[in-house]
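Residue numbers (UniProt numbering): 1 to 224. Backbone N, C-alpha and C fix where the C-beta goes; we use that ideal spot for every residue, glycine too. Quick caveat, the model's predicted, so the values are computed rather than measured.
As structure tokens, then:
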């Protein structure tokens with residue numbers, strides 16, 4: 001068996017020190033502000049679950065234009081998350097959503113608890129949902145965790161956003177899942193518009209013919 005190198009041992013020691021620091025800082029009895037009305041411990045949602053949402057034709061069109069449009073709405077995030085789940089990389093959007101949730105929190109005690117949960121779920125090398133971060137960002141997160149704040153994971157969140165944009169988004173818009181949405185919403189809408197335009201043109205033609213016939217009858221009556 002290969003013996004761990006000094007770099008690996010230092011990294012493991014760093015994670016152990018951070019987790020130990022957080023454990024020591026934690027109050028054995030969580031503060032009242034971190035408990036629900038029934039006394040149960042508050043578990044901050046690392047990734048708020050989007051409801052079952054159905055997109056509009058405009059949504060589908062905008063998703064094909066940019067990744068920002070996908071992430072701007074709950075519906076877009078829901079469909080993109082479903083795609084990432086199929087690719088076994090759902091942890092990326094879960095981490096991003098957890099960071100968004102953390103940035104909305106104002107209670108320092110809850111901020112620290114949520115930061116700890118995010119670290120253990122997505123940053124720790126022991127987590128099965130660990131996201132892929134470079135060493136620079138990972139070290140920055142480790143330093144920030146000494147005094148967690150709402151912005152502890154900002155650099156990490158940006159890196160994961162960029163990763164999803166660069167790697168996952170192109171596959172999403174070329175996936176069968178997205179093509180099905182295009183077929184269902186955009187092509188059907190185009191057919192409906194074409195049908196409406198044809199019907200409108202036919203009605204206008206009939207009105208023109210009717211008007212011409214009426215004018216001819218009036219001229220004939222005047223001549224008589």
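For the alpha helix (DSSP H) that contains residue 70, what are its first and last residues?
-> Along the chain shown, read from residue 1 onward, the residue named residue 70 stands at position 70. Counted as a single uninterrupted DSSP element, the alpha helix (DSSP H) harbouring residue 70 occupies residues 67 to 71.
Whose C-alpha, out of 75, 67, 71, 68, is nearest the C-alpha of residue 57?
-> On the chain shown, position 57 is the one that residue 57 refers to. Ranking the options by Cα distance to residue 57, first place goes to 75.
Pull up the CB-CB distance for residue 129 and residue 91, whole angstroms please, since I reckon it's below 8 Å.
-> If you number the chain shown from 1, residue 129 lands on position 129. If you number the chain shown from 1, residue 91 lands on position 91. Taking a contact as a CB-CB distance under 8 Å, the pair residue 129 and residue 91 counts as one, their CB atoms being some 4 Å apart.
So does the segment 161 to 173 actually touch the segment 112 to 129, counting three or more Cβ pairs closer than 8 Å?
-> no
Would you give the residue range spanned by the alpha helix (DSSP H) that residue 78 belongs to?
-> Working through the chain shown from its first residue, we reach residue 78 at position 78. Element bounds for residue 78: 74 to 86.
What is the residue span of the alpha helix (DSSP H) that residue 164 lies within?
-> Position 164 of the chain shown, counted from the first residue, corresponds to residue 164. It is not in any alpha helix (DSSP H) - residue 164 carries neither H nor E in the DSSP assignment.
Determine, using beta carbons only, whether residue 157 and residue 86 come nearer to each other than 8 Å.
-> Within the chain shown, residue 157 is the residue found at index 157, counting from 1. Within the chain shown, residue 86 is the residue found at index 86, counting from 1. No. Outside cutoff.
Report back the beta-carbon spacing between residue 150 and residue 102 to the nearest angstrom; my notes put them in contact at under 8 Å.
-> Along the chain shown, read from residue 1 onward, the residue named residue 150 stands at position 150. Along the chain shown, read from residue 1 onward, the residue named residue 102 stands at position 102. That belief holds up - the Cβ atoms of residue 150 and residue 102 are roughly 6 Å apart, short of 8 Å.
Alpha helix (DSSP H) containing residue 135: first to last residue?
-> Against the chain shown, residue 135 aligns to sequence position 135. Start and end: 135 to 144.
Taking the alpha helix (DSSP H) that residue 114 falls in, what are its first and last residues?
-> Numbered from 1 along the chain shown, position 114 holds the residue referred to as residue 114. Here the alpha helix (DSSP H) through residue 114 covers 108 to 118.
Roughly how many angstroms separate the alpha carbons of residue 118 and residue 62, rounded to a whole number?
-> Working through the chain shown from its first residue, we reach residue 118 at position 118. Working through the chain shown from its first residue, we reach residue 62 at position 62. Going by the C-alpha atoms only, they are around 31 Å apart.
Distance, residue 185 Cα to residue 115 Cα | As a working mapping, residue 115 is identified with position 115 in the chain shown. As a working mapping, residue 185 is identified with position 185 in the chain shown. Taking the straight line from one Cα to the other gives about 40 Å.
Going by alpha carbons, who is nearest to residue 242 out of 68, 139, 79, 110?
-> Residue coverage of the chain in this structure runs from 1 to 224, which leaves residue 242 outside it and unanswerable.
Comparing alpha-carbon positions, which option in 147, 65, 59 lies nearest residue 109?
-> Along the chain shown, one-based indexing puts residue 109 at 109. Of 147, 65, 59, the residue nearest in Cα terms is 147.
Where residue 173 sits in the DSSP three-state scheme = Here residue 173 is taken as the residue at index 173 of the chain shown, counted from 1. Of the three classes helix, strand and coil, the one that applies to residue 173 here is helix, per DSSP.
Out of curiosity, what's the CA-to-CA distance linking residue 72 and residue 126?
-> Against the chain shown, residue 72 aligns to sequence position 72. Against the chain shown, residue 126 aligns to sequence position 126. For residue 72 and residue 126, the distance between alpha carbons rounds to 31 Å.
Three-state secondary structure (DSSP) of residue 95 = As a position in the chain shown, residue 95 is number 95, starting the count at 1. Correct three-state label for residue 95: helix.
Other residues of its chain near residue 54: CB distance less than 8 Å, five sequence neighbours each side excluded | Locating residue 54 in the chain shown gives position 54, where the first residue counts as 1. Only 75 meet the Cβ criterion.
By how many angstroms is the C-alpha of residue 152 removed from the C-alpha of residue 145?
-> In the chain shown, counting from the first residue as 1, residue 145 sits at position 145. In the chain shown, counting from the first residue as 1, residue 152 sits at position 152. Using only the alpha carbons, I get a separation of about 7 Å.
Does the beta-carbon of residue 59 have 16 or more other beta-carbons within 10 angstroms, so that it is buried, or is it exposed?
-> Here residue 59 refers to the residue found at position 59 of the chain shown. That one is buried.
What residues in its chain sit with their C-beta under 8 Å from that of residue 165, if we drop five residues either side in the sequence?
-> Position 165 of the chain shown holds residue 165. So the list reads 67, once near-sequence residues are dropped.
From 169, 107, 155, 113, pick the residue whose C-alpha is nearest to that of residue 77; which is it?
-> Taking the chain shown and counting its residues from 1, one reaches residue 77 at position 77. Of 169, 107, 155, 113, the residue nearest in Cα terms is 169.
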